[in-house]
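Residue numbers (this note's numbering): 3 to 598. Only one structure is covered here, and it is reproduced in the block below.
Laid out in structure tokens, this is it:
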């Protein structure tokens, strides 16, 4: 080993080194190590390999055999370059100041200590530790272990499957081309996983993480992190904090964790779990699965056939453009199916549901729901709450439960039904709208309106009010004291044997009776079984009708004031079992031809 001492450095002063580890010592006490640069000059056929070190504006050139030399600068910092022709493992520790250390072909161990260091492993599976200071740490071609405990560092794993640990401040970290494992540390770090199958943990701090190419596993750790998975099929976990997570182009698995997260799956069939917190989530361009936990969430499936499930809070959910499956969960939710043939299920809360375009299937749940199915042939089923439903355009099928429901079928040929056991106290309002509708009420006092079209309306057990509207309608009051109005058109009124009482004040009533209307009874009516009378009051009319209903006659129409009362008997000689009042009618508008 030889030591070379200089009071001054002259430009292009060449040195020839002896064998072994030599040191170049700049001994000028007042000199500093700032503005140091290094140029490596490769060997040619006529010249040897050299290295030029520029220090404070002057250049010193190391000649042949410069690998392994350790120049010591006046401030105590070290410049070390390992031998590229040797696979010997170098172990080099820098000073407390700013060091420049290069490994060679071997498995090197480089430690920078305090100061702003430059460490590069080159070939071999190297161990590189910057320790304190704002360091530049480069791994090189092998599978390197790189770490730093403090400062704001620039770290690049380069080639190989590297293990990288950042420091306590804001680091800039590149994984490089291999399958890297990166733990960013406590600062607000920027991490680029680069190519390869990488694993990244942001640690503490508000980190920015890019997966780039490769199937990566990316975790934000504590802090408000931003993660972009990039290409390929990534696993992304925001962990704690209010995170911003982007899936990128692959089939990604994304978990928001705790905090109020912003998540976008982007391309690919992604699986997204927002976790707890008030999250904003968009599935992206393909068929995604989205779930959340507690909190009030904003969820959008976007394009594709998505599966979206709300949590326990008050969520706003959009299905987007595909054929989506949406489960709203508990809470007072707002659900928009948007385009496509959607399947929407509400939870236990009071939900507002818009089916949008497409043929949707909507299940309202147990709460008090507001449903607008939108255009399309929709199927709507709600539970036992008090629901408000609009079928919209299209041929809709609507079934309500035991609650107090208001239904408007809208345009189209709709089927509206109060389900079995449809509540004796909950009065429903059921409107078919335009089209040929089929409406069935429940056990309570329901209001049924057919609207335009040839409608079939069945009242059920309560005291119902039924209006056919425009068109040739068929109206059945059922049990109870019903009020039926056919409206414009040739309407048919259907009565069972006990549907209308013959007791004064309890009769079913038909308003707006017209010549073209029909009564469909349980008995056959012909010229020989039908007769008409005129009476001053109901009691007289009933007594007269009872006498006439002797077996040969089974229907008697009586003019009683301004109304016509139709008495019906189903048993020979039994008198009238039921009677129907045609309000405002006269005998000239009815005959045996009006019965079917």
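Positions of the beta carbon are idealized from the N, C-alpha and C atoms, including for glycine.
In the structure shown, residue 590 falls within a helical segment according to DSSP collapsed to helix, strand and coil.
DSSP, read as helix, strand or coil, puts residue 522 in strand. As the crow flies, the alpha-carbon of residue 311 is around 41 Å from that of residue 469. Shown here for residue 350: same chain residues with a beta carbon closer than 7 Å to its own, the five before and five after excluded, namely 332, 367, 368 and 369 in chain order. By a beta-carbon distance limit of 8 Å, residue 137 does not contact residue 164. Their separation comes to about 16 Å. For residue 160 and residue 186, the gap between their C-alpha atoms comes out near 16 Å. Each residue's CA atom was taken as its position, placing residue 555 and residue 493 some 25 Å apart.
With fewer than 16 other beta carbons inside 10 angstroms of its own, residue 500 counts as exposed. In this structure, the straight-line span from the alpha carbon of residue 199 to that of residue 216 is close to 5 Å. Bounds of any beta strand (DSSP E) do not take in residue 547; it lies within the alpha helix (DSSP H) bounded by 540-550.
Runs of beta strand (DSSP E) with 3 or more residues, each lying fully within the stretch 217-266, are found at 219-221, 228-230, 237-239, 246-248, 255-257 and 264-266, listed in chain order.
In the structure shown, the three-state DSSP call for residue 556 is coil. Inter-residue distance for residue 463 and residue 483 is about 9 Å (C-alpha atoms, whole angstroms).
Rounded to whole angstroms, the gap between the alpha carbons of residue 247 and residue 421 is 45 Å.
For residue 192, the enclosing beta strand (DSSP E) has its first and last residue at 192-194. As a beta-bridge residue in DSSP terms, residue 302 pairs with 284 and 320. Taking C-beta atoms as the reference points, residue 389 and residue 407 count as a pair closer than 9 Å. The continuous beta strand (DSSP E) containing residue 104 extends over residues 102-104. Under DSSP, residue 372 forms a beta bridge with 354 and 390.
Ranked by Cα distance from residue 267, the first of 475, 157, 183 and 236 is 236.
By the neighbour-count definition (other C-beta atoms within 10 Å, threshold 16), residue 344 is a buried residue. Short of 6 Å from the beta carbon of residue 192, and not among the five residues preceding or following it, lie these beta carbons of its own chain, in chain order: 174 and 210. Of the other Cβ atoms in all chains shown, 16 or more fall within 10 Å of the Cβ of residue 504; this residue is therefore buried. Note that the C-beta distance between residue 269 and residue 295 is not below 9 Å. Classified as exposed, residue 525 has fewer than 16 neighbouring CB atoms from the shown chains inside 10 Å of its CB. Rounded to the nearest whole angstrom, the C-alpha separation of residue 196 and residue 176 is 7 Å. With contacts defined by Cβ atoms closer than 9 Å, residue 151 and residue 129 do not form a contacting pair. The alpha carbon of residue 309 has as its nearest neighbour, out of 393, 323, 586 and 329, the alpha carbon of 329.
When rounded, the separation of the alpha-carbon atoms in residue 218 and residue 274 is 16 Å. Residue 451 sits buried, since 16 or more C-beta atoms from the chains shown fall within 10 Å of its C-beta.
Counting only runs of at least 3 residues, the stretch 428-493 fully encloses the following beta strand (DSSP E) elements, listed from N- to C-terminal order: 431-433, 440-442, 449-451, 458-460, 467-469, 476-478 and 485-487. Taking C-alpha positions only, residue 490 is separated from residue 458 by approximately 14 Å. Ranking 292, 286 and 258 by CA distance to the CA of residue 279 puts 258 first. Residue 182 places its beta carbon 9 Å or farther from that of residue 154.
Annotation for residue 409: the continuous beta strand (DSSP E) segment containing it runs 408-410. Apart from sequence neighbours up to five positions away, the residues of its chain that approach residue 144 with a beta-carbon distance below 8 Å are 109, 123, 125, 126, 127, 128, 161 and 162, ordered along the chain.
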